[in-house]
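Asker:
This is how it looks when you write it as structure tokens:
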């Protein structure tokens, strides 16, 4: 019997000898991963099916929170604002990132300095940037924007109190702060394209536009997919700009909820009205939206690569 058990036990001993030490060293990370990510996610999913105010015990309500979301006009308004913001900020940000990369792709000092200047907002504290924008858009003559308008004889504009300007201002702040990051990625992508491709195209008589359309854009598809997907994820989670720049005394979305986005609405429901179960449901709807859109973009990027 001992001889029969030996062959079966030998692979187990071999696996323990080979992977035991590395598995043991991974245990602290796995414990932190489970305690600070998996458990909060599972708890949030459970809370999305409950009525919970953070004080009284959670009351299981099934799909009531999701049904309420379907009829919540304010949530639909936040979803519409967010969709408009995402399309505009990601689209403009991607185009400008590529344009900057093409303009400052050289190795000379002026190009390096310009890349550094455009990249600086991406590594600066978002809170500091939002406070700067709030000062720039301050409604009185103290604000930089109104000061510049005054130089040309114009009247002060209530930038933060005009509903029609809210989303464009949010898009401007997003594009200004993020296009430097995309530019750096595109510069790296441009540097990975072999120069021989362009030389062969020039020999064949291809114009600059044809080289860009037939060589540069197709070979930059992986970078573009990454920039778009990460931009979508970040844009759907916009919070600081709305909360710091546009938040009113009793309204997290600014004047007439013109700046209300999904995450500020989630925050408002969870930490102002203490509807933590409802806020968890909003968070999981947002997760599904981001997951589906990211998956679609990845599939499209893969399909375009195979063409």
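In full-length UniProt numbering, the protein residues as written are 1 to 307.
Glycine included, every Cβ here is placed at the ideal spot set by N, Cα and C.
If you're wondering where the values come from, they're calculated on a predicted model, not measured in any experiment.
(1) Out of curiosity, what's the CA-to-CA distance linking residue 279 and residue 160?
(2) Classify residue 107 as helix, strand or coil using the three-state DSSP reduction.
(3) Could you tell me if residue 13 is buried or exposed, where buried requires 16 or more neighbouring beta carbons within 10 angstroms of its beta carbon?
(4) Near residue 182, which residues of its chain fall below 7 Å by C-beta distance, leaving aside the five closest residues on each side in sequence?
(5) Just mark residue 22 as buried or exposed, buried being the case when its beta carbon has 16 or more other beta carbons within 10 Å.
(6) Going by DSSP in three states, residue 115 sits in which element: helix, strand or coil?
(7) Leaving out five residues before and five after residue 110 in sequence, what residues of the same chain have Cβ atoms less than 7 Å from its Cβ?
(8) Using only the alpha-carbon positions, how far apart do residue 184 and residue 218 sit?
(9) Among 173, 255, 270, which has the Cα closest to the Cα of residue 162?
(10) Based on the DSSP output, what are the partners of residue 60 in its beta bridges?
(11) If I measure Cβ to Cβ from residue 270 and keep anything under 6 Å in the same chain, skipping five residues before and after, which residues do I get?
(12) Quick check: the stretch 124–141 against the stretch 237–256, are there 3 or more CB pairs under 8 Å?
(13) Could you check the C-alpha separation between residue 212 and residue 260 for me, to the nearest Å?
(14) Taking the Cβ atom as the reference point for each residue, do residue 44 and residue 206 lie within a distance shorter than 9 Å?
Answerer: The answer reads as follows:
(1) Counted from its first residue, the chain shown places residue 279 at position 279. Counted from its first residue, the chain shown places residue 160 at position 160. Approximately 27 Å, taken between the alpha carbons.
(2) Looking up residue 107 in the chain shown gives position 107. Coil, per DSSP.
(3) As a working mapping, residue 13 is identified with position 13 in the chain shown. By the neighbour-count rule (16 or more Cβ atoms within 10 Å), residue 13 is not buried but exposed.
(4) Against the chain shown, residue 182 aligns to sequence position 182. Here the set comprises 93, 94, 97, 227.
(5) The count along the chain shown starts at 1 and reaches residue 22 at position 22. Classification for residue 22: exposed.
(6) Here the question's residue 115 lines up with position 115 in the chain shown. Residue 115 falls in the helix class under three-state DSSP.
(7) For the purposes of this step, residue 110 is identified with residue 110 of the chain shown, where counting begins at 1. For residue 110, where only same-chain residues beyond five positions count, there are no Cβ hits under 7 Å.
(8) Here residue 184 corresponds to residue number 184 of the chain shown, with the count starting at 1. Here residue 218 corresponds to residue number 218 of the chain shown, with the count starting at 1. So the alpha carbons of these two residues sit roughly 18 Å apart.
(9) As a working mapping, residue 162 is identified with position 162 in the chain shown. Of 173, 255, 270, the residue nearest in Cα terms is 255.
(10) Numbered from its first residue, the chain shown carries residue 60 at position 60. Note: residue 60 sits in a beta bridge opposite 50.
(11) Here residue 270 is taken as the residue at index 270 of the chain shown, counted from 1. Closer than 6 Å at the Cβ level, and outside the excluded window around residue 270, lie 276, 279.
(12) yes
(13) For the purposes of this step, residue 212 is identified with residue 212 of the chain shown, where counting begins at 1. For the purposes of this step, residue 260 is identified with residue 260 of the chain shown, where counting begins at 1. So the two alpha carbons sit approximately 39 Å from each other.
(14) The residue given as residue 44 occupies position 44 in the chain shown. The residue given as residue 206 occupies position 206 in the chain shown. No, they are not a contact pair.
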